[in-house]
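Below: one structure, written as structure tokens.
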Amino acid sequence: MLKQLEKAEQRWGGANSLIDQWLNNRRKLLVNYCKIAGIPPYDSTEKSLPPVTLIKEFCDLLMDYVSEGHFEVYDQVVTACEQHGSSSKTLAQNLVPRISETTDSALDFNDKYTALVDDNVLFQLDKDLSSLGHAMETRFELEDKLLEVLHTKHS
């Protein structure tokens, strides 16, 4: 996912302040994901669960990222698509609902780990992070298609 982000930053970075902000927030989210998942360079020789505070920090970033997409970025992209022809509008109408499907995974993860009342839930963290990682990867691929439209129409 970080390699895909680097490609996106190289391709669209600097072209639009909204894109730059969004990609920067994606980077923060991915770095924190790697920290709690123990993915290099954040892996550890000791096999232990990440601190709950770090998990909750990640949940905050996840919700901020998801919200930013739904309430700021997607609206601008859809508006741009509506102004630039039916093919762009159709693309946006197809992508946004598919992106929204990945939101459910993010919300479920957030609900489960921000209201952490039972430490036994932490034993499910690896499985939940794996599922969330898959949803995030799908989301980023779809969002990159929207970024391409935003870049093409507004840069």
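In this text, residue positions in the sequence shown follow our numbering: the first is 508, and each later residue adds one.
For every residue, glycine included, the Cβ atom is placed at its ideal position computed from N, Cα and C.
Check                                                                                                      : Outcome
At least three beta-carbon pairs within less than 8 Å, the region 636-648 to the region 606-613            : yes
Three-state secondary structure assigned by DSSP to M508                                                   : coil
Residue ranges of each alpha helix (DSSP H) within the region 560-617, 4 or longer                         : 581-590
Span of the alpha helix (DSSP H) around N532                                                               : S524 to A544
Reference L568; option with closest CA among Q600, L525, L629 and C541                                     : C541
Beta-carbon gap between L629 and L556 smaller than 8 Å                                                     : yes
8 Å Cβ cutoff met for L525 and Q583                                                                        : yes
Check: N531 C-beta below 7 Å from any heavy atom of the ligand MN                                          : Here there are no bound small molecules, and the ligand MN is not part of this structure.
V573, buried or exposed, once every other Cβ within 10 Å from all chains shown has been counted against 16 : buried
Top-ranked residue by Cα proximity to L536, from D618, K652 and E575                                       : E575
Local conformation of K619 per DSSP, three classes                                                         : helix
Residues near D651 by beta carbon distance below 8 Å, same chain, minus five either side                   : Q511 and A515
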